[in-house]
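Position 36, counted from 1, in the sequence shown is what numbering that gives the first Met the number 0 calls 35; the numbers after and before it change by one each time, with no gaps.
Don't be surprised by glycine CBs; every beta carbon is placed ideally from N, CA and C.
Treat the numbers as computed from the prediction; the structure is a model and nothing was measured.
Working notes, structure below.
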Amino acid sequence: MLAQLPNANALPALNLAKVEPILLRAKIDSPIVTSFGNIPERAVLLVRAEDKDGAVGWGEVFGNFPVHGAENRAHLIRDFLAAIALSESWDSPATAFDALTRKTHIMTLQSGEPGPFAQAIAGVDIALWDLVARRLGVPLWRLMGGERDTVPSYASGLNPTGFEDIVMQKLKEGYNAFKIKIGFGQDTDFAALNGMRALIGDRELMTDVNQGWGIETACDHWRAYSEFDLKWIEEPLPADASIEQWKRLADQGGSPIAAGENLLGDGQFDAHIASGALGVVQPDMCKWGGFTKTLPLARRIVDAGQRYCPHFLAGPMGILASAHCLAAAGGTGILEVDANPNPLREHLTGGLPPIDSGIMTLPTGAGLGIEPDPDFMKAHRVG
Ligand SMILES: [Mg+2]
0 MLAQLPNANA
10 LPALNLAKVE
20 PILLRAKIDS
30 PIVTSFGNIP
40 ERAVLLVRAE
50 DKDGAVGWGE
60 VFGNFPVHGA
70 ENRAHLIRDF
80 LAAIALSESW
90 DSPATAFDAL
100 TRKTHIMTLQ
110 SGEPGPFAQA
120 IAGVDIALWD
130 LVARRLGVPL
140 WRLMGGERDT
150 VPSYASGLNP
160 TGFEDIVMQK
170 LKEGYNAFKI
180 KIGFGQDTDF
190 AALNGMRALI
200 GDRELMTDVN
210 QGWGIETACD
220 HWRAYSEFDL
230 KWIEEPLPAD
240 ASIEQWKRLA
250 DQGGSPIAAG
260 ENLLGDGQFD
270 AHIASGALGV
280 VQPDMCKWGG
290 FTKTLPLARR
300 IVDAGQRYCP
310 HFLAGPMGIL
320 ASAHCLAAAG
330 GTGILEVDAN
340 PNPLREHLTG
350 GLPPIDSGIM
360 TLPTGAGLGI
370 EPDPDFMKAH
380 RVG
């Protein structure tokens with residue numbers, strides 16, 4: 000049977016007592032470098048949901064960029080979403096997702112902030128699904144009808160220079176697929192790609208332009224960059240480029256095109272899936288959709304013959320949520336795991352599951368299967 004959201008009548012009702020944002024920050028030695036700007040420190044915005052019977056669930060909200068945007072998302076949860084979540088009983092997290100979306104619709108228009116609201120709702124949704132799965136005593140991938148507890152994974156977020164030590168470390172940890180950022184001009188990009196090939200040989204290599212090219216530049220570059228035998232080239236165009244432009248680029252052949260972390264809503268994703276231009280579709284479930292929207296979307300991607308490869312680059316809750324969604328959805332996708340040093344990812348939950356020959360095995364515990372360390376959380380909490 001194909002993975003899908005469980006029916007509400009198979010789930011215990013939610014009667015929430017508390018929905019709380021918990022914002023953590025950590026300093027890093029060197030910034031994350033992208034073609035659109037740098038990320039000088041790391042933020043992780045958690046959502047903790049507690050039911051009246053004491054059951055707890057955890058979620059995570061996108062909070063990478065801009066660096067202080069996470070505070071805004073935390074306020075949206077505290078000021079608006081918590082009250083809506085506590086206002087009635089829910090037969091499923093999906094019902095709560097619909098109500099949260101509907102009841103904040105006018106606010107998103109008034110504030111001009113559909114993105115931040117969508118991100119905050121996504122984090123609440125993940126926390127509610129975690130809570131429900133923990134109550135039922137099953138891992139989320141199984142609750143979602145999945146048939147496997149393993150996901151292929153890659154080491155992501157490598158800067159265009161100074162990546163050597165991290166790559167060697169990640170090879171030692173068991174990774175055999177890597178993604179490096181480009182879009183800094185051909186000299187820098189090719190030096191980075193040649194350097195990566197020298198380190199990893201013919202292991203899988205992906206690149207991310209982070210929306211740094213326009214259509215003409217992308218078409219000019221496509222063949223030469225594809226020569227590096229790339230599994231995909233990510234966001235070569237701005238996310239809002241027309242479908243015609245994405246199709247024109249796909250007609251160049253060469254490496255598959257990846258995108259999706261900056262799409263929002265079923266309509267945008269479905270237009271891209273239907274166009275067939277993207278070989279790899281990358282929704283970020285902490286940025287839009289949570290499990291409620293992302294699992295059905297992932298199934299549509301896989302059913303269309305495209306690869307569902309979750310985007311995520313912050314804390315362990317978001318990584319594990321993405322891993323469960325990928326495990327449940329099936330297909331040939333690969334999990335993004337940030338390779339850059341980040342104390343919040345490394346220590347909040349005692350470390351991610353180990354990688355063996357490029358494969359992550361999900362924890363056996365209920366829900367996401369991981370638990371934040373209260374002392375570590377307290378030491379890094381800023382909001
Ligand atoms: Mg990206």
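Item                                                                                                                                                                                         : Value
Under the three-state reduction of DSSP, which class applies to residue 165: helix, strand or coil?                                                                                          : helix
Can you name the residues that DSSP bridges to residue 26?                                                                                                                                   : 40
Is the CB-CB distance between residue 207 and residue 234 below 8 Å?                                                                                                                         : yes
Within 10 angstroms of the Cβ of residue 14, are there 16 or more other Cβ atoms? Answer buried if so, exposed if not.                                                                       : exposed
Per DSSP, what are the beta-bridge partners of residue 56 in this structure?                                                                                                                 : 48
Which residue marks the beginning of the alpha helix (DSSP H) containing residue 90, and which one marks its end?                                                                            : Looking at the DSSP string, residue 90 is not in any alpha helix (DSSP H), and its letter there is neither H nor E.
Which of helix, strand or coil does DSSP assign to residue 300?                                                                                                                              : helix
For residue 345, collect the residues of the same chain with a Cβ closer than 6 Å to its Cβ; drop the 5 residues on either side in sequence, then sort them by chain order.                  : none
What does a CB cutoff of less than 8 Å around residue 272 pick up in its chain, not counting 5 residues either side in sequence?                                                             : 280, 299, 300, 303 and 305
Would you grab the beta carbon distance between residue 314 and residue 347 for me? Rounded to a whole angstrom, and I think it's under 8 Å.                                                 : 6 Å
Below 6 Å CB to CB, which residues in the same chain sit around residue 96 once its five sequence neighbours on both sides are set aside?                                                    : 124 and 291
Can you determine whether any heavy atom of ligand 1 sits closer than 7 Å to the C-beta of residue 207, and answer yes or no?                                                                : yes
Alpha carbon to alpha carbon, what distance is there between residue 225 and residue 217?                                                                                                    : 11 Å
CA-CA distance, residue 172 and residue 355?                                                                                                                                                 : 8 Å
Give every residue of the same chain whose Cβ lies closer than 8 Å to the Cβ of residue 263, excluding the five residues on either side of it in the sequence, and list them in chain order. : 113, 114, 117, 286 and 287
In chain order, what residues of the same chain have a beta carbon less than 8 Å from the beta carbon of residue 23, not counting five sequence neighbours either side?                      : 42, 43, 44, 45, 314, 343, 347, 376, 379, 380 and 381
Report buried or exposed for residue 141, applying the criterion of at least 16 other Cβ atoms within 10 angstroms of its Cβ.                                                                : buried
Does at least one heavy atom of ligand 2 sit under 7 Å from the Cβ of residue 310?                                                                                                           : Questions concerning ligand 2 fall outside what the structure shown contains, since the ligands it does hold are ligand 1.
Check whether the Cβ of residue 203 sits closer than 7 Å to any heavy atom of ligand 1, and report yes or no.                                                                                : no
Would you mind reading off the limits of the beta strand (DSSP E) that contains residue 150?                                                                                                 : 149 to 157
Can you tell me where the beta strand (DSSP E) holding residue 177 begins and where it ends?                                                                                                 : 176 to 180
Which whole-angstrom value is the C-beta distance of residue 278 and residue 138, which I expect to be below 8 Å?                                                                            : About 29 Å separates the two Cβ atoms, so there is no contact after all.
Sorry if obvious, but does the Cβ on residue 260 come closer than 7 Å to a heavy atom of ligand 1?                                                                                           : yes
Using a Cβ-Cβ cut-off of 7 Å (strictly less than) and excluding sequence neighbours within five positions of residue 331, which residues of its own chain qualify?                           : 306
Classify residue 167 as buried or exposed, calling it buried when 16 or more other Cβ atoms lie within 10 Å of its own Cβ.                                                                   : exposed
Which of the three DSSP states is assigned to residue 102 in this structure?                                                                                                                 : helix
Put residue 17 into one of helix, strand or coil per three-state DSSP.                                                                                                                       : strand
Counting only runs that start and end within the stretch 180 to 256, where is the beta strand (DSSP E) found for 3 or more residues in a row?                                                : 203 to 207
According to the neighbour-count rule (16 or more other Cβ atoms, all chains shown, within 10 Å of its Cβ), is residue 56 buried or exposed?                                                 : buried
Going by Cα to Cα distance, which pick from 102, 99 and 339 is closest to residue 26?                                                                                                        : 339
Once the 5 residues before and after residue 94 are set aside, which same chain residues still bring their CB inside 8 Å of it?                                                              : 7
Am I right that residue 352 and residue 360 are in contact with their C-beta atoms under 8 Å? What's the rounded C-beta distance?                                                            : 6 Å
Ignore the nearest five residues each way along the sequence and tell me which others in residue 19's own chain have a CB closer than 6 Å to its CB.                                         : 47
Mind checking who residue 359 pairs with in its DSSP beta bridge?                                                                                                                            : 150 and 354
Output needed for residue 196: all residues of its chain with C-beta closer than 8 Å, excluding positions within five of it in sequence on either side, in chain order.                      : 204 and 227
Using alpha carbons as the reference points, say which of 223, 176 and 156 lies closest to residue 30.                                                                                       : 156
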